[in-house]
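Novice:
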Amino acid sequence: MSEKFDVIVVGAGMAGNACAYVLAQGGLKVLQIERGETPGSKNVQGAILYADAIERIIPDFRDDAPLERHMIEQRLWIMDDNAYVGASYRSEDFNQEPYNRYTILRTHFDQWFNKKVREAGALVICETTVTELLLDGKRVIGVLTDRKGGEIYADAVVLCDGVNSRLATKAGFHPEIQPKDVALAVKEIHFLPQETIEARFNLGENEGVAIEMAGKITAGMMGTGFLYTNQESITLGVGCMLSDFKKQKVTPYQLLEKMKNHPSIKPLIADSEMKEYAAHLIPEGGYNAIPKVYGDGWMIAGDAGQFVNGLHREGSNLAMTTGMLAAQTLIALKAAGKPFNATHLSAYKTKLDNSFVMKDLKKYRRMPDIFHRNKQFFTTYPDLLSQAAQSMIRVDGIDKKSKEQGIKKSFLASRSWFGLLGDAFKFWRAVE
Amino acid sequence: MSKIEEKLFQDRYQVDTAGAHIAIKDAELCLHCEQQQCAVCCPAGCYTQEGNGRLVLITDGCLECGTCRIVCDQRNLDWEWPRGGFGILFKFG
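What follows is the structure, given as C-alpha cells:
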C-alpha cells in the first residue's frame, strides 16, 4: 500500500470509530486499522452506552443501532458475605424518549458503528495488527503492520489502541502502565428468556436496570461489581485494582464465582446459560495517570489515554468524546492548511481541557490515591453497615435505643472517633 | 462452572499455529520470582506453576487483557498482540 493518507486511526473501539467517523465526514482521507476479525471482536465493556456522547456524533443513532434495553433504574448495593444494604433510583422520567442510557453488547454495537464509519467514506482494514509506529526523528509518519509490505504513511496517526497503549509505550511517548493505575475486570454473559428477565427485575419491555456493587465481593480489594440487564441476557462481573490483585492469592475467576454465588445474586441468574467469559483492563488512574496525548504527527484518544471516570463508571463516552475532539482538531488544521505538528495539535489538549472529560477527571483527581490508601471503604464499612441494618431491622425484643448504642460502639471499635471523622473527610476530599 | 477451562470453553478463538504472542524471556528469572503473581492474576489461567518453581505458559486461552505484562515486576515477557485476525474473537464483548 503505497498511497498516503491524511490520517490513520489505529483501532475500531469507541474512540477509534468516533474519530474515524468524524474525520471521514469532515472530508479527510482516512484509514482505520483493526486487528480483530471484525470491528468489535476484540472489544470488551460492561456495557452501558450513554446516549449523549454518541448523539453528538450520530444524532439519529437510535434508528438502527443495536441497543439492548434503556435504563430506568440504578441500584447500588453495599455487600457483605450474606447481605447487601442498598439504594436505588427508578424514575418514569427515564422511560421517556429520547432515552438517556442503554445496555449494549459491544461486539454488535461496534460492528454497527464501524459500518457508519465506512459509509462516511473511511477505508477500514481488519485482521491487521499495527506493530509499530514509523518515526522520522520524533515525528510519526505512519505505521508498520503485520501485513506484507506493511508500511503505511499518513500526516497523522491517532492511537485508539486501547488501555494497553502498546504503540505509544513502544515509541517512548509515555512510560509503561502501572498496576495501581488499572483495574482487572472479568465478566460473564448469561442468557435467559426475555420474560424471565423482566419478571426477575420488575421491568417492562425494553426497560433495563443496572446494579453497581461494592464491599465484600471484592475480597478486600479496591474494586466494584456490576450486573446489567440486556434484552435476553444478563452481564455480570467484578473488577479490582491490579495492584491489589497482585498482593493476594484469589484468582479473578474465583472472585467472579464467589460473586455469582452470593445469596442476593444467585437467584437472579438461576437457570441461565453462560455463553461468554471475558476479561479486560480498565484505566482507573484518573487525572494523574493521563499521559501526554499529542506530539508531532500523533494523538491519543480513549482508553489509550486513560480517559475513564472510575467513580461514575464512565469510559465509553469519554472515549467517543476524545476521539471526536481529536478528529475535529485535525479537520480544523487541515482546513487552515496547517501541518499536524505538536504545536498545532496542542489545540486537542485545549479542547479536552474545556470539555467535561478533563473537568470531571480533574474533580476526582485525588480519588484513586485516597481509595488505594484506605481499604476500609471496601472492607470495614460494608460490614458495619450490614450489621447496623440487620440490628435495626431484626425484631428480637431488644429496645431500639440499646441497638443504636450497639451500632455506635461497633463503628467506634472498628474505626474510633478520629478514624470515622478522618474517613468522612477523606471521602469528601475524594469526591469534592 | 467453577473451573477456568469450562469458562474458556464458551469463548471463540482463532489460535495462531505459527506461534504464541506472549513468551517468557528467561525461564530462570521466574524460578527466582517468589510471588509468581502472573499465575494468580491471569484471568484465563494461562500460567501454571509446576511445583518445582517453574512456570508454564500456554497462550491458547488468552483473553488479551494485558494483565501479565503489567504485573510482571521482572519485565520478563515478550508481549505482542496476536497477528491480525488471530486470538480471542468475542461474540458479545
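Going down the list, the protein sequences come from chains A and B. Going letter by letter, the first sequence gives residues 1257 to 1688 in the working numbering. Going letter by letter, the second sequence gives residues 2 to 94 in the working numbering. Note that beta-carbon positions come from the ideal geometry of N, C-alpha and C, so glycine has one too. All values derive from a computational prediction rather than experimental measurement.
When you check each C-beta in the stretch 1537-1562 of chain A against every C-beta of chain B, which residues fall closer than 7 Å?
Specialist: So the list reads 1537, given in the order they occur along the chain.
Novice: Within 8 Å (strictly less), CB to CB, does residue 1260 of chain A reach chain B?
Specialist: Taking the first residue of the first sequence as position 1, residue 1260 of chain A is located at position 4. It does not; no Cβ of chain B falls within 8 Å.
Novice: Cα-Cα, which of A/1312, A/1381 and A/1634 is closest to residue 1291 of chain A?
Specialist: As a position in the first sequence, residue 1291 of chain A is number 35, starting the count at 1. With distances taken between Cα atoms, residue 1291 of chain A lies closest to A/1381.
Novice: Going by DSSP, what residues sit across from residue 80 of chain B in a beta bridge?
Specialist: Reading the second sequence from its first residue, position 79 is the one you call residue 80 of chain B. The partner list for residue 80 of chain B (beta bridge, DSSP) reads B/23.
Novice: Please confirm whether residue 1533 of chain A has its beta-carbon closer than 8 Å to some beta-carbon of chain B.
Specialist: To locate residue 1533 of chain A, count along the first sequence from 1; it is residue 277. True, the Cβ-Cβ gap to chain B drops below 8 Å.
Novice: List the residues that DSSP assigns as beta-bridge partners of residue 1468 of chain A.
Specialist: Position 212 of the first sequence, counted from the first residue, corresponds to residue 1468 of chain A. Partner(s): A/1332 and A/1482.
Novice: Here's a check: name, in chain order, each residue in its chain whose Cβ is nearer than 6 Å to the Cβ of residue 1436 of chain A, leaving out the five neighbours to either side.
Specialist: Position 180 of the first sequence, counting from 1, holds the residue named residue 1436 of chain A. Here the set comprises 1499.
Novice: I need the boundaries of the beta strand (DSSP E) containing residue 1536 of chain A, first residue and last residue.
Specialist: As a first step, residue 1536 of chain A must be located in the first sequence, where it is residue number 280. Note, residue 1536 of chain A: beta strand (DSSP E), 1529-1539.
Novice: Run the CB neighbour count on residue 59 of chain B, radius 10 Å, all protein chains shown included, and call it buried at 16 or more, exposed below.
Specialist: Counted from its first residue, the second sequence places residue 59 of chain B at position 58. Exposed, because fewer than 16 other Cβ atoms sit within 10 Å of the Cβ of residue 59 of chain B.
Novice: Can you check whether the C-beta of residue 20 of chain B is within less than 8 Å of a C-beta belonging to chain A?
Specialist: Translated into positions along the second sequence, residue 20 of chain B becomes position 19. No, residue 20 of chain B does not count as interfacial toward chain A.
Novice: Check residue 1297 of chain A in the structure and name its three-state DSSP category.
Specialist: Along the first sequence, one-based indexing puts residue 1297 of chain A at 41. The answer is coil: DSSP assigns residue 1297 of chain A none of H, G, I, E or B.
Novice: Closest to residue 8 of chain B by CA distance: which of A/1354, A/1534, A/1441 and A/1372 is it?
Specialist: Here residue 8 of chain B refers to the residue found at position 7 of the second sequence. Of A/1354, A/1534, A/1441 and A/1372, the residue nearest in Cα terms is A/1534.
Novice: Which bits of chain B does residue 1301 of chain A rub up against, with CB to CB less than 9 Å?
Specialist: As a working mapping, residue 1301 of chain A is identified with position 45 in the first sequence. Ordered by position in chain B, the residues that pass the 9 Å Cβ test against residue 1301 of chain A are 94.
Novice: Are the beta-carbon atoms of residue 1441 of chain A and residue 1506 of chain A separated by less than 8 Å?
Specialist: Looking up residue 1441 of chain A in the first sequence gives position 185. Looking up residue 1506 of chain A in the first sequence gives position 250. No.
Novice: For a contact defined as C-beta to C-beta under 7 Å, what are the partners of residue 1689 of chain A on chain B?
Specialist: Lying outside 1257 to 1688, the shown extent of chain A, residue 1689 of chain A is not represented and no answer is given.
Novice: Distance cutoff 8 Å, beta carbons only. Does residue 1385 of chain A sit that close to anything in chain B?
Specialist: Reading the first sequence from its first residue, position 129 is the one you call residue 1385 of chain A. Yes, contact with chain B.
Novice: Which same chain residues, not among the five before or five after residue 32 of chain B, have their C-beta less than 8 Å away from its C-beta?
Specialist: As a position in the second sequence, residue 32 of chain B is number 31, starting the count at 1. Excluding sequence neighbours, residue 32 of chain B sits near 54 and 55.
Novice: Below 9 Å between beta carbons is the criterion; list the residues of the stretch 1293-1319 of chain A that meet it against any residue of chain B, in chain order.
Specialist: Taking 9 Å as the Cβ-Cβ cut-off against chain B, the residues of the stretch 1293-1319 of chain A that qualify are 1293, 1294, 1296, 1297, 1298, 1299, 1300, 1301 and 1303.
Novice: Relative to chain B, which residues along the stretch 1486-1507 of chain A have a C-beta separation below 7 Å, given in chain order?
Specialist: Against chain B - using a Cβ distance shorter than 7 Å - the residues of the stretch 1486-1507 of chain A are 1498, 1501, 1502, 1505 and 1507.
Novice: Grouping DSSP H, G and I as helix and E and B as strand, with all else coil, what is residue 1369 of chain A?
Specialist: Looking up residue 1369 of chain A in the first sequence gives position 113. Three-state result, residue 1369 of chain A: helix.
Novice: Residue 58 of chain B CB to nearest chain A CB: under 8 Å?
Specialist: Counted from its first residue, the second sequence places residue 58 of chain B at position 57. It does not; no Cβ of chain A falls within 8 Å.
Novice: I need the boundaries of the alpha helix (DSSP H) containing residue 1674 of chain A, first residue and last residue.
Specialist: For the purposes of this step, residue 1674 of chain A is taken as residue 418 along the first sequence, with counting starting at 1. Here the alpha helix (DSSP H) through residue 1674 of chain A covers 1656-1687.
Novice: Does any C-beta atom of chain A lie closer than 8 Å to the C-beta of residue 16 of chain B?
Specialist: Position 15 of the second sequence, counted from the start, is the residue given in the question as residue 16 of chain B. Answer no: the Cβ-Cβ gap between residue 16 of chain B and chain A never drops below 8 Å.
Novice: Please name the residue, chosen from A/1337, A/1641, A/1352 and A/1310, that lies closest to residue 1360 of chain A on a Cα-to-Cα basis.
Specialist: The residue you call residue 1360 of chain A lines up with position 104 of the first sequence. Of A/1337, A/1641, A/1352 and A/1310, the residue nearest in Cα terms is A/1310.
Novice: Taking residue 1388 of chain A as the reference, which of A/1348, A/1363 and A/1414 has the closest Cα?
Specialist: Residue 1388 of chain A sits at position 132 when you count from the first residue of the first sequence. The shortest C-alpha separation from residue 1388 of chain A is found at A/1414.
Novice: Any residues in the stretch 21-42 of chain B with a beta carbon nearer than 7 Å to a beta carbon of chain A? Which ones, in chain order?
Specialist: The stretch 21-42 of chain B vs chain A, Cβ under 7 Å: 38, 41 and 42.
Novice: Alpha carbon to alpha carbon, how far is residue 1367 of chain A from residue 1320 of chain A?
Specialist: Position 111 of the first sequence, counting from 1, holds the residue named residue 1367 of chain A. Position 64 of the first sequence, counting from 1, holds the residue named residue 1320 of chain A. So the two alpha carbons sit approximately 12 Å from each other.
Novice: Check distances from the C-beta atoms of the stretch 1404-1428 of chain A to those of chain B and list, in chain order, the residues that come in under 8 Å.
Specialist: The residues in question are 1419, 1420 and 1422.
Novice: Could you tell me whether the Cβ atoms of residue 1555 of chain A and residue 1601 of chain A are closer together than 8 Å?
Specialist: Locating residue 1555 of chain A in the first sequence gives position 299, counting from the first residue. Locating residue 1601 of chain A in the first sequence gives position 345, counting from the first residue. Contact flag set, yes.
Novice: Strictly by DSSP, which residues pair up with residue 50 of chain B?
Specialist: Numbered from 1 along the second sequence, position 49 holds the residue referred to as residue 50 of chain B. Residue 50 of chain B pairs with B/56.
Novice: Flag this pair as yes or no: are the beta carbons of residue 1358 of chain A and residue 1305 of chain A separated by less than 8 Å?
Specialist: Counting from one through the first sequence, the residue named residue 1358 of chain A turns up at place 102. Counting from one through the first sequence, the residue named residue 1305 of chain A turns up at place 49. Yes. Within cutoff.
Novice: Do the stretch 76-94 of chain B and the stretch 6-26 of chain B touch if we need at least three Cβ pairs shorter than 8 Å?
Specialist: The stretch 76-94 of chain B vs the stretch 6-26 of chain B: in contact.
Novice: Taking Cβ-Cβ distances below 9 Å as the criterion, which residues of the stretch 1391-1404 of chain A are in contact with chain B?
Specialist: Listed by position along the chain: 1401, 1402 and 1403.
Novice: Anything in the stretch 1435-1446 of chain A with a Cβ closer than 8 Å to a Cβ of chain B? List those residues in chain order, please.
Specialist: Per Cβ criterion, the list reads 1435, 1438, 1440, 1442, 1444 and 1445.
Novice: Note the first and the last residue of the continuous alpha helix (DSSP H) segment covering residue 1617 of chain A.
Specialist: Counting from 1 along the first sequence, the entry for residue 1617 of chain A is found at position 361. Counting along the chain, the alpha helix (DSSP H) containing residue 1617 of chain A begins and ends at 1612-1619.
Novice: Taking C-beta pairs closer than 8 Å, name the residues in chain D that residue 1363 of chain A reaches, listed in chain order.
Specialist: Absent from the structure: chain D. Protein chains present are A and B.
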